[in-house]
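Input: a single structure, listed below in structure tokens.
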Amino acid sequence: TKKSFEKAVFVVIDALRYDFAEWLELSEENGNFPLFYRNKLPVINEMLNNSTNGSSYLFKFEADPPTVTMQKRLKGLTTGGLPTFIDFRYNFHSPEIVADNWVEKLVKNRKNIVFLGDDTWTNLFRRKFKRSFPFPSFNTRDLHTVDNGILENLKTEFGKNDWDIMILHFLGVDHVGHTFGPNSKEMSEKLIQMNEALKQIFELTKGSDSIVFVLGDHGMTNEGNHGGSSISETEAALFIHSNNFDQNRNKNP
């Protein structure tokens, strides 16, 4: 089967709740002074409304509880399996994933994967990446180490032509939620940083035959927590962009 895209970029913004990504037009009904987390990712709205940038889609999807990062959004997203609360114990000591998963399938098909971000991935998928830049993830008071580490290496890694899939896992939004809550100036600052990161990713993929996935692995409560089954914890954002959706849609009829 002929592949649809030359490269894929898989961007996890941990705890990217749907309303963090959704654009809200200001009005008296919606409030002329939006919450700190509102409208801080304008690049998504710009991509959705500018056809010259290619094709873009924003979806709301529901994360199955329990909504913890290792158990659901890494194990669940890569295996397609449903989570169980028994798996919650592994959130503190992540064993290697041995179930059927797309990371291993890509490697078996001789695809090169580069990873940058939350070090949980390198525990779950050992010896699967051509190169990896893991950063410590467990200290929820650390708002910037993981994200800054990704950004410091991003342009250099994009400039290399020896990879097929790049996985980026930003963690600061989740940690800001735990530490300050979503409706805080710290969340506003972190989402603005993520907006700049996404702008850089879209610019680096501009003109290339690639597809970019941007998603949250779960949401968060108004107190910044997650792990349960409330709507705010399970509703996350999924944004997909490609310069060549229309052309590539016809590659594999």
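Residue numbers (our numbering): 1093 to 1345. We put the beta carbon where it would ideally sit given N, CA and C, even for glycine.
Under 8 Å between C-beta atoms of residue i and residue j
i, j, result
"residue 1262", "residue 1106", "yes"
"residue 1323", "residue 1305", "no"
"residue 1308", "residue 1108", "yes"
"residue 1285", "residue 1234", "no"
"residue 1226", "residue 1214", "yes"
"residue 1195", "residue 1220", "yes"
"residue 1280", "residue 1157", "no"
"residue 1269", "residue 1312", "yes"
"residue 1150", "residue 1113", "yes"
Exposed unless 16 or more other CB atoms sit within 10 angstroms - verdict on residue i
i, result
"residue 1277", "exposed"
"residue 1229", "buried"
"residue 1132", "buried"
"residue 1181", "Unreliable positioning characterises residue 1181 in this predicted model, as indicated by a pLDDT of 47, which lies under 50. A coordinate reading is not provided."
"residue 1210", "buried"
"residue 1144", "exposed"
"residue 1252", "exposed"
Spatial distance of residue i from residue j (CA atoms)
i, j, result
"residue 1204", "residue 1119", "47 Å"
"residue 1165", "residue 1130", "23 Å"
"residue 1197", "residue 1257", "12 Å"
"residue 1254", "residue 1223", "10 Å"
"residue 1243", "residue 1212", "18 Å"
"residue 1188", "residue 1335", "35 Å"
"residue 1207", "residue 1168", "18 Å"
"residue 1299", "residue 1192", "33 Å"
Three-state secondary structure assigned by DSSP to residue i
i, result
"residue 1210", "strand"
"residue 1095", "coil"
"residue 1291", "helix"
"residue 1112", "helix"
"residue 1306", "strand"
"residue 1226", "strand"
"residue 1119", "coil"
"residue 1190", "coil"
"residue 1327", "strand"
"residue 1333", "strand"
"residue 1272", "helix"
"residue 1279", "helix"
Residue-level contact to chain C via CB, residue i, 8 Å cutoff
i, result
"residue 1167", "The structure shown has no chain C; it contains just one protein chain."
### Query
At what residue ranges does the region 1126-1175 contain a whole run of the beta strand (DSSP E), taking only runs of 3 or more?
1147-1154
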